[in-house]
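**Student:** To start, I am sharing the structure in question, which I have written as structure tokens.
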Amino acid sequence: MKKDSLEGLVGRYLDLKSKQVEVEVTHMAKGKDSAQGNDFSIMRCISVLRSMNVTADEKIKAVEVFDIPNNRETFISFSIDEPEIALLWLRRKMDKL
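Residue numbers (my numbering): 16 to 112.
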């Protein structure tokens, strides 16, 4: 009888630990997504934009382009090594507005 209750106890313990691991993995994945999202924030895009030769009107239009997460990622990615390409890309996006 003791063997059965010990097995049941161990089984419940393993179930609990498995659930804890699942929760931790989910939290870590969400944290990773949030961290990556911050790399391409609107604030960062505007900061990069300030370093470029753009008009006030272009800055306002750029914010509309930056509303789309993929646009922010593209802009930041280009701006790291090729800021002039980032600006050309941004101006084409703004022309489509």
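All C-beta atoms, glycine included, are put in the ideal place defined by N, C-alpha and C.
Return helix, strand or coil for LEU83, following the three-state DSSP convention.
**Tutor:** Numbered from 1 along the sequence shown, position 68 holds the residue referred to as residue 83. Checking the sequence shown, residue 83 turns out to be Ile, not Leu. In this structure, ILE83 counts as coil in the three-state DSSP scheme.
**Student:** Give every residue of the same chain whose Cβ lies closer than 7 Å to the Cβ of ARG59, excluding the five residues on either side of it in the sequence, and list them in chain order.
**Tutor:** Here the question's residue 59 lines up with position 44 in the sequence shown. These residues qualify, in order along the chain: ILE91.
**Student:** Taking its Cβ as the centre, do 16 or more other Cβ atoms sit within 10 Å of SER20, making it buried, or is it exposed?
**Tutor:** On the sequence shown, residue 20 is found 5 positions in, with the first residue counted as 1. Classification for SER20: exposed.
**Student:** Which residues in the same chain as MET67 place their Cβ atom closer than 6 Å to its Cβ, once the five residues preceding and following it in sequence are excluded?
**Tutor:** Numbered from its first residue, the sequence shown carries residue 67 at position 52. So the list reads LEU102, once near-sequence residues are dropped.
**Student:** Helix, strand or coil for MET109? Go by DSSP, reduced to three states.
**Tutor:** For the purposes of this step, residue 109 is identified with residue 94 of the sequence shown, where counting begins at 1. In this structure, MET109 counts as helix in the three-state DSSP scheme.
**Student:** Determine the direct distance from the alpha carbon of PHE93 to that of PHE81, and round the result to whole angstroms.
**Tutor:** Within the sequence shown, the letter at position 66 stands for residue 81. Within the sequence shown, the letter at position 78 stands for residue 93. Taking the straight line from one Cα to the other gives about 14 Å.
**Student:** Helix, strand or coil, according to DSSP, for SER66 in the structure here?
**Tutor:** In the sequence shown, the residue the question calls residue 66 occupies position 51. In the structure shown, SER66 sits in coil (DSSP, three-state: anything other than H, G, I, E or B).
**Student:** Measure the beta-carbon distance from ASN86 to LYS108 and round it to whole angstroms, keeping in mind my assumption that it falls under 8 Å.
**Tutor:** If you number the sequence shown from 1, residue 86 lands on position 71. If you number the sequence shown from 1, residue 108 lands on position 93. ASN86 to LYS108, Cβ: 6 Å. Contact.
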